[in-house]
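S.K.: One structure is given below, represented as structure tokens, and several questions about it will come after.
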Amino acid sequence: MKLLIRNLNRTTTEAELLDLFEAYGAVQSLQLVRDEDANLSKGFGFVNMPKAGEAKVAMQNLNGKIIGGFKIRVKKAEERAEQTASDELDDTSALDADSND
Numbered sequence: 001m002k003l004l005i006r007n008l009n010r011t012t013t014e015a016e017l018l019d020l021f022e023a024y025g026a027v028q029s030l031q032l033v034r035d036e037d038a039n040l041s042k043g044f045g046f047v048n049m050p051k052a053g054e055a056k057v058a059m060q061n062l063n064g065k066i067i068g069g070f071k072i073r074v075k076k077a078e079e080r081a082e083q084t085a086s087d088e089l090d091d092t093s094a095l096d097a098d099s100n101d
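Here full-length UniProt numbering is used: the first residue of the sequence shown is 1, the next is one more, and so on.
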């Protein structure tokens, strides 16, 4: 189960997050989202835990916890739509161009 962690202190490290979540079970992957230009955390990240039961326990126990002076929020990550509206428009334009041949 993929979890979204928000409202992180920008000084929170991936190692600190890993320690937090491993206390509740196995962590398959962890990504702290960074600003590429400044190489600083953007204050949120994702943790993927293979066992849904462990992820739910982690979510219940860590949501609202104060970490680095910030009250973090942990919830199930929503899956993004694969195609955006502009992609769909591009696909339609390509079909229209084909029919004009």
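Ideal Cβ positions, reconstructed from N, Cα and C, are used throughout, including at glycine. Quick caveat: nothing in here was measured; it's all calculated off a predicted structure.
(1) In three-state terms, what does DSSP make of Asn48?
(2) My assumption, with CB atoms under 8 Å, is that Ile67 sits in contact with Thr11. Please give the rounded CB distance.
(3) Count the other C-beta atoms from every protein chain shown that fall within 10 angstroms of the C-beta of Leu40, then say buried if there are 16 or more, exposed otherwise.
(4) Can you say whether Ala58 is buried or exposed, counting buried as having 16 or more other CB atoms within 10 angstroms of its CB?
(5) Which residue's Cα is closest to the Cα of Asn9: Phe70, Val74, Lys76 and Glu79?
M.R.: Quick look at the numbers:
(1) Locating residue 48 in the sequence shown gives position 48, counting from the first residue. The answer is strand: DSSP assigns Asn48 an E or B state.
(2) As a first step, residue 67 must be located in the sequence shown, where it is residue number 67. As a first step, residue 11 must be located in the sequence shown, where it is residue number 11. Contact check for Ile67 and Thr11: beta-carbon distance about 10 Å, past the 8 Å limit, so the pair fails to qualify.
(3) As a working note, residue 40 is residue 40 in the sequence shown. When all chains shown are included, Leu40 counts as exposed.
(4) What you label residue 58 is simply residue 58 of the sequence shown in a count that begins at 1. Buried is the call here.
(5) For the purposes of this step, residue 9 is taken as residue 9 along the sequence shown, with counting starting at 1. The candidate whose alpha carbon is nearest that of Asn9 is Phe70.
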